[in-house]
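Just so you know, our numbering puts the end of the sequence shown at 256, numbered straight through with nothing missing.
For each residue, glycine too, the CB sits at the ideal point set by N, CA and C.
Accompanying notes for the structure given below.
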Amino acid sequence: MIVAIFIVSITTGAFALISQAIGARNTLDASHTVRQVVLLTGILGVATGAIGYTFAENILALLSMPDDVVDLGTQYLRVFFLGTPLLATQFGMASCFNAAGDTTTPFYINVCVNLVNVIASYILIFGYWGVQPMGVAGSTLGTVLSRGVGSLLCLTVLYSGRSRISILPGSFRPDRQRITRILRIGI
70 MIVAIFIVSI TTGAFALISQ AIGARNTLDA SHTVRQVVLL TGILGVATGA IGYTFAENIL
130 ALLSMPDDVV DLGTQYLRVF FLGTPLLATQ FGMASCFNAA GDTTTPFYIN VCVNLVNVIA
190 SYILIFGYWG VQPMGVAGST LGTVLSRGVG SLLCLTVLYS GRSRISILPG SFRPDRQRIT
250 RILRIGI
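Pasting the structure below:
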């Protein structure tokens, strides 16, 4: 829940800055903000993923669940937390499209993500086409793979220039001033 609050803070702040830049027809400023959003959500996703993966079993044990539920839940959460950077960056990039007034691109990307999720999860859970059945872990792995596809599709569109917003050549180095503005607005 706390992670979701931070991601929403990042995307809300970015939404405001990107909308202003697009309105002012400042594509360089909008692109710079997108790069910072990808950086911030990626860092947040990696940090959250590492913490969640490490403490997945402890988190479930705190809920006083039966041992078999903790075992299955730990399998699920560990794979889920490994995919947190993909989830966070895809959500951040989708918000950037929305801020630029392009709501159809994230819609179609999410349709693809959901299709990949259903198909991959089914194959991985039950084991088809030479894949060993993975059960609960297969369900999560299907979701993580679909988020990877979603992140890749978002990046492809952002770099292609086929949307109202794009990532122009530039650095992904942290820009303290831009990050502070994003977080101040978002929080």
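In chain order, what residues of the same chain have a beta carbon less than 6 Å from the beta carbon of residue 86, not counting five sequence neighbours either side?
So the list reads 102, once near-sequence residues are dropped.
Compare the C-alpha of residue 120 against each of 153, 144, 185 and name the closest.
It is 153 whose Cα lies nearest to the Cα of residue 120.
Terminal residues of the continuous alpha helix (DSSP H) containing residue 105?
Taken as a continuous stretch (DSSP letters only), the alpha helix (DSSP H) holding residue 105 covers 96 to 130.
Alpha carbon to alpha carbon, how far is residue 235 from residue 118?
Their Cα atoms are separated by approximately 27 Å.
Go through the stretch 148 to 209 residue by residue and report every complete run of the beta strand (DSSP E) that reaches 3 residues or more, in order.
Entirely contained in the stretch 148 to 209, not one beta strand (DSSP E) run reaches 3 residues.
Are residue 158 and residue 220 touching if we call contact CB-CB under 8 Å?
Cβ atoms of residue 158 and residue 220: closer than 8 Å.
Can you grab the Cα-Cα spacing for the pair residue 242 / residue 105, in whole Å?
The alpha-carbon atoms of residue 242 and residue 105 are separated by roughly 8 Å.
Does the distance from the CB of residue 186 to the CB of residue 215 come in under 8 Å?
Result yes, Cβ atoms of residue 186 and residue 215 sit closer than 8 Å.
Cα-Cα, which of 222, 171, 203 is closest to residue 191?
The candidate whose alpha carbon is nearest that of residue 191 is 203.
Helix, strand or coil, according to DSSP, for residue 214 in the structure here?
Residue state, collapsed to three classes: helix.
Taking the beta carbon of residue 226 as the centre, do at least 16 other beta carbons fall within 10 Å, making it buried, or is it exposed?
Buried: at least 16 other Cβ atoms inside 10 Å.
Starting from residue 253, trace the alpha helix (DSSP H) in both directions and tell me its first and last residue.
Residues 245 to 255.
Would you report the Cα separation of residue 176 and residue 170, rounded to the nearest angstrom?
For residue 176 and residue 170, the distance between alpha carbons rounds to 12 Å.
According to the neighbour-count rule (16 or more other Cβ atoms, all chains shown, within 10 Å of its Cβ), is residue 150 buried or exposed?
Buried, by the Cβ-count rule.
When DSSP labels each residue in this structure, what does residue 227 get in the three-state scheme?
Of the three classes helix, strand and coil, the one that applies to residue 227 here is helix, per DSSP.
Suppose the cutoff is 7 Å on Cβ atoms and the five residues either side in sequence are ignored; what does the same chain contact list for residue 247 look like?
The answer, listed in chain order, is 101, 102, 105.
So for residue 220, helix, strand or coil by DSSP?
Reduced to three states, the DSSP call for residue 220 is helix.
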